[in-house]
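Number 39 in the working numbering belongs to position 28 of the sequence shown; there are no gaps in the numbering.
A virtual CB, placed ideally from N, CA and C, is assigned to each residue, including glycine.
Only one structure is covered here, and it is reproduced in the block below.
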Amino acid sequence: MLSLIFDMDGTLFQTDKILESSLHDTFEHLRSQGLWNQGTPIEKYREIMGVPLPVVWENLLPGHSNSIRNQANEWFHARLIEHISTGKGALYPGVEEFFQLCKDREIPIYIASNGQIEYLESIVNYYHLHEWVTETFSIQQIESQNKTDLVRTIIQKYKITQGMVIGDRLSDIRAAKENGLRSIGCNFDFAQPDELAQADRVINSLIELRTEIDLA
Numbered sequence: 012m013l014s015l016i017f018d019m020d021g022t023l024f025q026t027d028k029i030l031e032s033s034l035h036d037t038f039e040h041l042r043s044q045g046l047w048n049q050g051t052p053i054e055k056y057r058e059i060m061g062v063p064l065p066v067v068w069e070n071l072l073p074g075h076s077n078s079i080r081n082q083a084n085e086w087f088h089a090r091l092i093e094h095i096s097t098g099k100g101a102l103y104p105g106v107e108e109f110f111q112l113c114k115d116r117e118i119p120i121y122i123a124s125n126g127q128i129e130y131l132e133s134i135v136n137y138y139h140l141h142e143w144v145t146e147t148f149s150i151q152q153i154e155s156q157n158k159t160d161l162v163r164t165i166i167q168k169y170k171i172t173q174g175m176v177i178g179d180r181l182s183d184i185r186a187a188k189e190n191g192l193r194s195i196g197c198n199f200d201f202a203q204p205d206e207l208a209q210a211d212r213v214i215n216s217l218i219e220l221r222t223e224i225d226l227a
């Protein structure tokens, strides 16, 4: 049976709608405590979207302690979740339509994300993704903090033999290839052309996936 494993940020959820304000609030908080005296590194964050959060904060706060990085991460996630709960985010166009198509065809859907558990739960609950998604997996659930290992966990738990990993960054493409699955690159907000070039197929909207499941 064909199974689909989706990334969350920049693939299903338009993180870009709440990213800038949440990150700005976080660095304003740091500035108010005398821990930051520069502008908010929005572009730097865009470049590294898709990596585990400890790596994110090592890049955004390279000269700070892990304690301050953890504080920034907690503040950032609190702001993200607040924005999600007040409807400031959005799914990408075609998500519900495609998910319903998969449900009608009995194609199981999973989510494998570098996002934290509480953050992912806030998206799943707000948009009622549990109506279509079998299970959502967070990178927090595995020790290695590696997307390839996270996808392997899903494969082993659900005994997947045929499937696709759909995502916008290189970690998603590698997770597919290193687990013997087909990789679908999403040419959305955070995608990088050199990374997408390594995918088996690149799509510009989720509804284009219909062709893939028709052929499977």
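CB contact flag (residue i, residue j, <9 Å)
{"i": "Tyr121", "j": "Phe24", "result": "no"}
{"i": "Trp86", "j": "Asp36", "result": "yes"}
{"i": "Asn48", "j": "Trp68", "result": "no"}
{"i": "Leu3", "j": "Val106", "result": "Within the shown structure, residues of the chain are numbered from 12 to 227, placing residue 3 beyond reach of any answer."}
{"i": "Gly61", "j": "Asn125", "result": "yes"}
{"i": "His94", "j": "Ser32", "result": "yes"}
{"i": "Trp143", "j": "Lys170", "result": "no"}
{"i": "Ala187", "j": "Ala210", "result": "yes"}
{"i": "Ile166", "j": "Leu192", "result": "yes"}
{"i": "Arg12", "j": "Glu108", "result": "Inspection of the sequence shows that residue 12 is occupied by Met rather than by Arg. No. Outside cutoff."}
Beta-carbon separation (whole angstroms), residue i vs residue j, contact threshold 8 Å
{"i": "Asp179", "j": "Phe148", "result": "Rounded, the Cβ-Cβ distance is 17 Å, inconsistent with contact."}
{"i": "Glu70", "j": "Ile59", "result": "With the sequence shown as reference, residue 70 is identified as Asn, and Glu is not the correct amino acid for it. Yes, they are in contact, since the Cβ atoms of Asn70 and Ile59 sit about 5 Å apart, within 8 Å."}
{"i": "Lys158", "j": "Ala202", "result": "Rounded, the Cβ-Cβ distance is 15 Å, inconsistent with contact."}
{"i": "Ile184", "j": "Glu206", "result": "7 Å"}
{"i": "Leu64", "j": "Gln127", "result": "7 Å"}
{"i": "Ile92", "j": "Ser133", "result": "5 Å"}
{"i": "Val162", "j": "Ile16", "result": "6 Å"}
Which listed residue (the options) has its alpha carbon closest to that of residue i
{"i": "Ile177", "options": "Glu189, Ile214 and Thr145", "result": "Ile214"}
{"i": "Thr172", "options": "Thr159, Arg185, Gln156 and Asn190", "result": "Asn190"}
{"i": "His88", "options": "Asp160, Thr164 and Glu129", "result": "Glu129"}
{"i": "Gln111", "options": "Asp183, Val66, Ile150 and His139", "result": "His139"}
{"i": "Ser14", "options": "Gly74, Ile184, Glu108 and Thr145", "result": "Thr145"}
{"i": "Lys28", "options": "Ala210, Arg212, Thr97 and Ala83", "result": "Thr97"}
{"i": "Thr22", "options": "Cys197, Gln44, Pro73 and Glu117", "result": "Cys197"}
{"i": "Tyr137", "options": "Gln152, Arg90, Ala101 and Thr164", "result": "Ala101"}
{"i": "Gln44", "options": "Ala83, Lys168, Leu131 and Arg90", "result": "Ala83"}
{"i": "Val141", "options": "Asp20, Arg212, Asp160 and Pro119", "result": "In the sequence as presented, Val is not what sits at residue 141; that position holds His. Minimum Cα distance to His141 is reached at Pro119."}
{"i": "His75", "options": "Leu46, Thr164 and Thr26", "result": "Leu46"}
{"i": "Glu39", "options": "Ile195, Ser194 and Arg90", "result": "Arg90"}
{"i": "Lys99", "options": "Ile153, Ser194, Thr26 and Pro73", "result": "Thr26"}
{"i": "Ser194", "options": "Pro204, Arg212 and Ala208", "result": "Arg212"}
Examine the Cβ distances between the region 210 to 224 and the region 51 to 71 and report whether three or more of them are shorter than 8 Å.
-> With contact defined as three or more Cβ pairs closer than 8 Å, the region 210 to 224 and the region 51 to 71 are not in contact.
Curious, which full-length alpha helix (DSSP H) runs of at least 4 residues does the region 45 to 110 contain?
-> Those alpha helix (DSSP H) runs which fall completely within the region 45 to 110 and span 4+ residues are 53 to 59, 64 to 71 and 77 to 96.
Which ranges would you report for the beta strand (DSSP E) in the region 107 to 175 if only whole runs of at least 3 residues count?
-> The region 107 to 175 contains these whole beta strand (DSSP E) runs: 120 to 124 and 144 to 149.
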